[in-house]
Amino acid sequence: MRIINLIVVHCSATRGDCTLSPEDLDRLHRRRGFNGTGYHYYIRKDGTVHLTRPIERVGAHAKGFNAHSIGICYEGGLDCRGRPADTRTSAQRATLRQLIGQLQEKFPGCRVCGHRDLSPDLNGNGEIEPEEWIKSCPCFEVAKEFKELEEFAIKTENTEEHRVTQHIKEQKGGK
Numbered sequence: 001m002r003i004i005n006l007i008v009v010h011c012s013a014t015r016g017d018c019t020l021s022p023e024d025l026d027r028l029h030r031r032r033g034f035n036g037t038g039y040h041y042y043i044r045k046d047g048t049v050h051l052t053r054p055i056e057r058v059g060a061h062a063k064g065f066n067a068h069s070i071g072i073c074y075e076g077g078l079d080c081r082g083r084p085a086d087t088r089t090s091a092q093r094a095t096l097r098q099l100i101g102q103l104q105e106k107f108p109g110c111r112v113c114g115h116r117d118l119s120p121d122l123n124g125n126g127e128i129e130p131e132e133w134i135k136s137c138p139c140f141e142v143a144k145e146f147k148e149l150e151e152f153a154i155k156t157e158n159t160e161e162h163r164v165t166q167h168i169k170e171q172k173g174g175k
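In structure tokens:
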């Protein structure tokens, strides 16, 4: 199993008045030269979540960060005029929160961020600011929205049960 330490949230850059099926997303990624959908999970407007790439397979969603990350994409991210906007439905918000919670239980200590938060820190001040974003994806403040889930995951990482599990993994040559 891969070592996972990052969960990256994306949007499909689909206008709010349009839809993009998992099959369409797969076709778009294949046209770009990927061997299938680059994200591990895709969340439709109705909140349905699709496993689009096995977690064991390295993703193709955040260049330079794919080896140790899981990519989650929600359908949307553009308003009806094609401008970046948080277009998530209440069903998508609920599914995303549940999915991230489950992934943090499975991979304790994971950092959660948006694709844009992986842009280079051009001015070197330690913060990725809006003027430094390569793209707006996923069009909302991921770290702020999921901060409490991340803090909970970090706290549970230090429990005795987790330390025993980590010890067993290390004995088997894993991390």
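Using UniProt numbering, read the sequence shown as starting at 1 and increasing by one per residue.
Even glycine gets a Cβ: it sits at the ideal position worked out from N, Cα and C.
Buried is the label assigned to C113, since at least 16 other Cβ atoms lie within 10 Å of its Cβ.
Distances from the alpha-carbon of K106 to those of H50, W133, I70 put I70 closest.
C11 sits away from P130, with the two beta carbons spaced by 8 Å or more. Beyond the five residues adjoining it in sequence on each side, L99 comes within less than 8 Å, by CB distance, of Y41, I43, V49, I72 in the same chain, given in chain order. Close CB contacts of L96 within its chain, under the 8 Å cut and outside five residues either way in sequence, are with V9, I43, I72, Y74, R88 (chain order).
Judged by DSSP secondary structure, G114 falls within the beta strand (DSSP E) whose first and last residues are 111-114. Taking the C-beta atoms as reference points, L118 is found nearer than 8 Å to F65. Spanning the alpha carbons of R15 and C80 requires a straight line of approximately 5 Å.
Taken in chain order, the complete beta strand (DSSP E) segments of 3 residues or longer contained in the UniProt domain "Peptidoglycan recognition protein family" (2-119) are 6-11, 41-43, 49-51, 69-74, 111-114.
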